[in-house]
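Peer 1: Just so you know, the sequences run in chain order A and B. Residue 680 in the numbering used here sits at position 108 of the first sequence; the count goes up by one each step and never skips. Residue 614 in the numbering used here sits at position 282 of the second sequence; the count goes up by one each step and never skips.
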Amino acid sequence: MQYYAPKSFSEAIEISMEAKGITRFLAGGTDVLVQLRADILTPEVLIDIKKIPEVGDILQNSDGSWRIGAAVPGAQLNEHKDLKAQWPGVVEAMDLIGSTQVQGRATLVGNLCNGSPAADSVPALIAAGASVTIISPNGSRDVSVEDIPHSPGKTTLEKGELISAVNLPKRNTNGGDAYLRLIPRTEMDIAVVGCGINLSVKEGLVSDARVSLGAVTAKVILVKEAADAIIGTSLDDKALTALSLAASAACKPINDKRGTIEYRTHVAGVLAKRAAQIAYKRARS
Amino acid sequence: MALDDQSKPYFKFVGTRPKRPDGIDKVTGRAKFGADSYAAGMLHGAIVRSPHAHARIKSIDTSEAEALKGVKAVVTRADFSKDIKFTSGKDSEHWNVLENVMADEKVLYDGHALAAIAATSALIARDAVKLVKVEYEILSHVTDVDEAMAIGAPVIRKGASDKSVPSGLHENVVSYYESGHGDVETGFTEADLIIEESFKTEATHQGYIEPHACLASLGSDGKGELWCTTQGHFSFQKVCAALLGLETSQLRVTASEIGGGFGGKTTVFIEPVALALSRKTNRPVKIVMSRSEVFRATGPTASTSMDIKIGMKKDGTITAGQGTFRLQGGAFPGAPGGMTAMCAFAPYALKNVHQIGYSVMSNRPKQAAYRAPGSPMAAFAVESVIDALCKKLDLDPIEVRLKNASRKGTKASYGPTFEEIGLVECLETAKSHSHYKAPLKKGQGRGISCGFWFNFGGETAVSLALSEDGTVQISVGTPDIGGSRASIALMAAEELGIPYDHIRCTVADTATLGYNEISHGSRVTYATGLATIKAARDAINKLCKRAAEKWGIPEEAVKWEDGHAVPSGPNAGDFEPLSLKNISEKMGKTGGPIVGHFEANPEGAGVSFATHIVDAEVDPETGKTQILRYTVIQDAGKAIHPSYVEGQFQGGAAQGIGWALNEEYIYGSDGRLQNAGFLDYRIPLASDLPMIDTVIVEVPNPGHPYGVRGVGETSICPPLAAIANAVSQAAGVRLTELPMSPPSILAALKAE
Ligand SMILES: Cc1cc2nc3c(=O)[nH]c(=O)nc-3n(C[C@H](O)[C@H](O)[C@H](O)COP(=O)(O)OP(=O)(O)OC[C@H]3O[C@@H](n4cnc5c(N)ncnc54)[C@H](O)[C@@H]3O)c2cc1C
Chain A
573 MQYYAPKSFS
583 EAIEISMEAK
593 GITRFLAGGT
603 DVLVQLRADI
613 LTPEVLIDIK
623 KIPEVGDILQ
633 NSDGSWRIGA
643 AVPGAQLNEH
653 KDLKAQWPGV
663 VEAMDLIGST
673 QVQGRATLVG
683 NLCNGSPAAD
693 SVPALIAAGA
703 SVTIISPNGS
713 RDVSVEDIPH
723 SPGKTTLEKG
733 ELISAVNLPK
743 RNTNGGDAYL
753 RLIPRTEMDI
763 AVVGCGINLS
773 VKEGLVSDAR
783 VSLGAVTAKV
793 ILVKEAADAI
803 IGTSLDDKAL
813 TALSLAASAA
823 CKPINDKRGT
833 IEYRTHVAGV
843 LAKRAAQIAY
853 KRARS
Chain B
333 MALDDQSKPY
343 FKFVGTRPKR
353 PDGIDKVTGR
363 AKFGADSYAA
373 GMLHGAIVRS
383 PHAHARIKSI
393 DTSEAEALKG
403 VKAVVTRADF
413 SKDIKFTSGK
423 DSEHWNVLEN
433 VMADEKVLYD
443 GHALAAIAAT
453 SALIARDAVK
463 LVKVEYEILS
473 HVTDVDEAMA
483 IGAPVIRKGA
493 SDKSVPSGLH
503 ENVVSYYESG
513 HGDVETGFTE
523 ADLIIEESFK
533 TEATHQGYIE
543 PHACLASLGS
553 DGKGELWCTT
563 QGHFSFQKVC
573 AALLGLETSQ
583 LRVTASEIGG
593 GFGGKTTVFI
603 EPVALALSRK
613 TNRPVKIVMS
623 RSEVFRATGP
633 TASTSMDIKI
643 GMKKDGTITA
653 GQGTFRLQGG
663 AFPGAPGGMT
673 AMCAFAPYAL
683 KNVHQIGYSV
693 MSNRPKQAAY
703 RAPGSPMAAF
713 AVESVIDALC
723 KKLDLDPIEV
733 RLKNASRKGT
743 KASYGPTFEE
753 IGLVECLETA
763 KSHSHYKAPL
773 KKGQGRGISC
783 GFWFNFGGET
793 AVSLALSEDG
803 TVQISVGTPD
813 IGGSRASIAL
823 MAAEELGIPY
833 DHIRCTVADT
843 ATLGYNEISH
853 GSRVTYATGL
863 ATIKAARDAI
873 NKLCKRAAEK
883 WGIPEEAVKW
893 EDGHAVPSGP
903 NAGDFEPLSL
913 KNISEKMGKT
923 GGPIVGHFEA
933 NPEGAGVSFA
943 THIVDAEVDP
953 ETGKTQILRY
963 TVIQDAGKAI
973 HPSYVEGQFQ
983 GGAAQGIGWA
993 LNEEYIYGSD
1003 GRLQNAGFLD
1013 YRIPLASDLP
1023 MIDTVIVEVP
1033 NPGHPYGVRG
1043 VGETSICPPL
1053 AAIANAVSQA
1063 AGVRLTELPM
1073 SPPSILAALK
1083 AE
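1. Is the Cβ of alanine 986 of chain B closer than 9 Å to any Cβ of chain A?
2. Considering serine 766 of chain B, what are the terminal residues of the alpha helix (DSSP H) in which it resides?
3. Does the distance between the C-beta of glycine 768 of chain A and the nearest non-hydrogen atom of ligand 1 fall short of 8 Å?
4. Would you check if the distance between the CB atom of glycine 979 of chain B and the CB atom of proline 1051 of chain B is smaller than 9 Å?
5. For serine 567 of chain B, report the span of its alpha helix (DSSP H) as first-last.
6. Below 8 Å on C-beta distance, what does proline 756 of chain A contact in chain B?
7. Just the Cα atoms here: how many angstroms apart are isoleucine 972 of chain B and methionine 674 of chain B?
8. Take serine 703 of chain A and list the residues in its own chain whose beta-carbon comes closer than 7 Å to its own, dropping the five residues that flank it on each side.
9. Does the pairing of the segment 878-889 of chain B with the segment 943-963 of chain B give three or more beta-carbon distances under 8 Å?
10. Tell me which residue opens and which closes the beta strand (DSSP E) that arginine 713 of chain A is part of.
11. With DSSP run on the structure shown, which of helix, strand or coil describes isoleucine 706 of chain A?
12. Can you give the beta carbon distance from cysteine 572 of chain B to leucine 547 of chain B, rounded, assuming they're within the 8 Å contact cut?
13. Distance check for tryptophan 638 of chain A and glycine 1000 of chain B, CA to CA, integer angstroms please.
14. Based on Cα-Cα distance, which residue from B/Leu1011, B/Ile392, B/Gly500, B/Asp726 lies nearest to arginine 409 of chain B?
15. Take isoleucine 594 of chain A as the anchor and find which of A/Leu608, A/Ala690, A/Pro645 has the nearest alpha-carbon.
16. For asparagine 614 of chain B, which option in B/Thr742, B/Gly747, B/Ala450 has the closest C-alpha, if you only look at C-alpha atoms?
17. Note the first and the last residue of the continuous beta strand (DSSP E) segment covering cysteine 767 of chain A.
18. Are the C-beta atoms of isoleucine 998 of chain B and some chain A residue less than 9 Å apart?
19. Below 8 Å, is the gap between the Cβ of alanine 642 of chain A and the nearest heavy atom of ligand 1?
20. By the 10 Å Cβ neighbour count, where 16 or more other Cβ atoms means buried, how is valine 604 of chain A classified, buried or exposed?
21. Pull out every residue of the segment 657-688 of chain A whose Cβ sits closer than 7 Å to any Cβ of chain B, in chain order.
22. Beta carbon of proline 632 of chain B, beta carbon of glycine 443 of chain B: below 9 Å?
23. If we define contact as Cβ-Cβ less than 9 Å, is serine 624 of chain B a contact residue for chain A?
24. Which bits of chain B does arginine 830 of chain A rub up against, with CB to CB less than 8 Å?
25. Report the neighbours of glutamate 953 of chain B on chain A: residues whose CB is nearer than 7 Å to its CB, in chain order.
26. Going by Cα to Cα distance, which pick from A/Ala763, A/Asn770, A/Gly682 is closest to threonine 727 of chain A?
27. Does ligand 1 have even one heavy atom less than 8 Å from the beta-carbon of aspartate 951 of chain B?
28. In its own chain, which residues sit with a C-beta less than 6 Å from the C-beta of serine 707 of chain B, not counting the 5 before and 5 after it?
29. Under 8 Å: do the segment 585-596 of chain B and the segment 556-570 of chain B share three or more Cβ pairs, one atom per stretch?
30. According to DSSP, what are the bridge partners of threonine 580 of chain B?
31. Run down chain A in chain order and give the residues with a C-beta less than 7 Å from the C-beta of serine 1019 of chain B.
32. In angstroms, rounded to a whole number, what distance separates the CA positions of leucine 815 of chain A and threonine 636 of chain B?
33. Note down, in chain order, all residues in the segment 452-463 of chain B with a beta-carbon under 8 Å from any beta-carbon belonging to chain A.
34. Where are the alpha helix (DSSP H) runs, 4 residues long or more, that stay fully inside the segment 657-703 of chain A, in chain order?
35. One question on the structure: do leucine 697 of chain A and leucine 680 of chain A come within less than 9 Å of each other, judged by their Cβ atoms?
36. Using DSSP with H/G/I as helix, E/B as strand and the rest coil, what is alanine 840 of chain A?
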């Protein structure tokens, strides 16, 4: 195994283009190193991105949008007062990951690129309308987060491409977001279902919304029908029921050790309802 | 065993709460656990395991593995004793252990060991494992207990059943137990209400944090050393010697500090393998299991299927109780079908009772003891039915249990007559506890359950040596799995009359003491404690003799009082008291070392009972349960070190919460274990648990000088039932299968 710690993105890309065999970028390592030690996957080439300048920075742009470096750990997001006040759903979703020790390392980008349909921060990012900046041999481009997951363990990134940062839009004054997951215990577990919702409220009515579900299909999804069910409503019982049904209808889960098809489908509806109520309350406060 | 002296009215040291002697080492990282032993020239072992639930081994090709640089040896079954022969039932225990340690012709479960490799590094050994080519003929398998007993189920091993099994049963039923008294049919006709229900529980793992680990060194001369994490190094010495064809005394075994066992470290797995590899390479060999190996190949508890029928009168009198208990014990005999049946109705004085237990084999790992083996599952079934009867008849669950409770003189459901027992005291304490009276909100439920365990004595040897500076070292042969060194030192302090801090208690190796039974059966504070008291008294006799010689008076004229030899009365003469130190500092010149001994087989381990109260809340939309409040009330006989008694109570409740709500062995249709790790095998986290309150009840055990009863196991007997009763009330539907995970609760709610 070869370990590299490049000092720039271009150097990182060069190494990855030339790498032979299984290659992994190393952000926090809380997926990569765990898989290595458990003998699940041993990379030939490890490219640590933490030595690249600015990967550890959280910046607010002049237009109010946010740029979160690829190696920013959960703990740092959680301690950032302004970011947390504006995007509580995103920060809380990331904060659900692992323990205090894991929080000191785990990143949004790692969570996204590990490709798990149950990744906790991803539904919150998708609901928030976040994008990532991809750097490739041909330059850089921004891509919506929902276009990154491909299938369990796989992303749409090509060889030689890496993510330099996560971009969150400016938080509008009448918006709010929330993320909820179901796990059988209180922490340290993989979501059986996850649901992220971001919405805006005008004069008591939901003016726009994005609903995203995790762990109910082969990748995290954006569910337009669920958003449509609440747009234009005051989130009354009828709207909540419609939201719940739309969320359940979008589920194509599997039976596995973590939950049954029936269970995941039902709980997706329950969490959508509950997350919407939290986001609505946040939008109005 | 006759005991001349009963409980002391007053204790000076017993009942206090000093720090445990291993505490600082454990929190600073200085303590040496199983994986902390190293030796010069040491090799690392790794084990080749079956990916199949049931298969015939057609061939094992190790040539590629052996060719890998750094690989020093490969062992298979051929490297173990050929003198161990298969017979039926548990008589063949050495054969069963050997077959589990290293498969011969067939692999019997996913994870079954079939070869092992020693290499110069752990990584090389791990890689070499992947190079071993095994050709299998896959056989049909069975992992469910009811399916394993059904006609047509694949036979795990022909001829394994013992003589207790009636004809006509499937060959996978390897043992049968039946007992009771009265006539249940008559009893049922006297009942106003009869409830009959079936229950199932999944296998759960003991979940100790420290994986199995050992370091072995064995020469071609048959002399060896083994350092390992174990609940019983004397037993490991005996079994390893047999499996390797050694003389027992030529193998010295030292127990490390132990990171939890709960019954799961009472049997060998990797130790004989490390010894075999060491013998073949003439180098020390270390093996440390991964967590996945721990789950796949070490003992979980048995899974069960149970049928219960209980009849009750309108006033709460139980007229008859009947239970059938089927225990799945993996691919070997030994599932505690009999003990489960024996424990089931033990808390109750029943006129008519009948119980049947089956031990059944399947394609799963060999079950191992897990705190009170069988009793928690039996209580789950029986106490759930009692709860249902109370609800239907609108009776208070504690009053009903009090009305039927076993007391001194009750003929137990499993035969003997109880001596002094503390069940009524536990129930009365529960009834008057503030928890029992606290209001509940909508969506919450409260559950009650009683639990019973036999407790055990067993072979025990203790030696207590005085030092010249007046301090004392105690050597015991029972690994400390719950703070026992502190309790033992307290009992010695009490007898000798010297401070706790002047005593050091050590778990000695197998060359130092006579045979000591494993630390199991909640026996250590009882049996090693009793032996320590007796050894201290032996030392005191010797101290008094030295004083008598110095004073020139008869031995009988000297007594021991508060740490000093004193004349026994005015007629004995007038001498200055001699402290332990006064005597021991001169012992070299007054007759040599002073050592107290005790070796015996104490048989007065008193049975013990507990009552648990638990409040739970169920989210009706997700089926998720939260445990809100928990109170453990248990008879300890006499709490030597109350903090460590409370720790045992809380630990039992915590493990019970995991077992009841989320822990389970999940097998795929291919017979492979799906959740061999702590991510998907869900033990409770600290944040899942409420503060667990404890009340220590003390009804002295007449079989111990201070009244001690074992406390380590009884605490896990009531939780499954108490939690099921609370959850059933909160959810509004009776739950009859464990674990009560969110999907299973939601499914039950939807089925209503
Ligand atoms: C104890 C524990 C608990 C956990 N609990 C949770 C949980 O509750 N919820 C949850 O969702 N996850 C959980 N995880 C998984 C893990 O912590 C998260 O997925 C985490 O966000 C991964 O981030 P990382 O920076 O550590 O990723 P890494 O391990 O560094 O990388 C993960 C993947 O992303 C790729 N990658 C990293 N950086 C880049 C980049 N810049 N560009 C392209 N690809 C990149 C890597 O090559 C790798 O494939 C847990 C892990 C542990 C060990």
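Beta carbons are placed, not taken as given, at the ideal position from N, Cα and C, and that holds for glycine. These numbers come from a predicted model, not from an experiment.
Peer 2: So, from the listed chains and residues:
1. no
2. 766-769
3. no
4. no
5. 565-576
6. Lys956, Leu993, Asn994, Arg1014, Ser1073, Pro1074
7. One C-alpha to the other measures close to 29 Å.
8. Asp714, Val715, Ser716, Val717, Asn739
9. Judged by Cβ distances under 8 Å, the segment 878-889 of chain B makes no contact with the segment 943-963 of chain B, as fewer than three pairs qualify.
10. Its beta strand (DSSP E) spans residues 711-716.
11. strand
12. About 13 Å; that fails the 8 Å criterion.
13. 45 Å
14. B/Ile392
15. A/Leu608
16. B/Ala450
17. That run of the beta strand (DSSP E) goes 765-774.
18. yes
19. yes
20. buried
21. none
22. no
23. yes
24. The CB of arginine 830 of chain A comes closer than 8 Å to the CB of Asp1012 in chain B, given here in chain order.
25. When 7 Å is used as the limit between beta carbons, glutamate 953 of chain B is near these residues of chain A: Val842, in chain order.
26. A/Gly682
27. Not so, every heavy atom of ligand 1 lies at least 8 Å from the Cβ.
28. Cys675, Trp785, Cys1049
29. Contact check between the segment 585-596 of chain B and the segment 556-570 of chain B: three or more CB pairs, one atom from each, fall below 8 Å, which counts as touching.
30. Per DSSP, none; premise fails for threonine 580 of chain B.
31. Thr758, Glu759
32. 42 Å
33. Arg458
34. 660-667, 672-675, 680-685, 693-700
35. yes
36. helix
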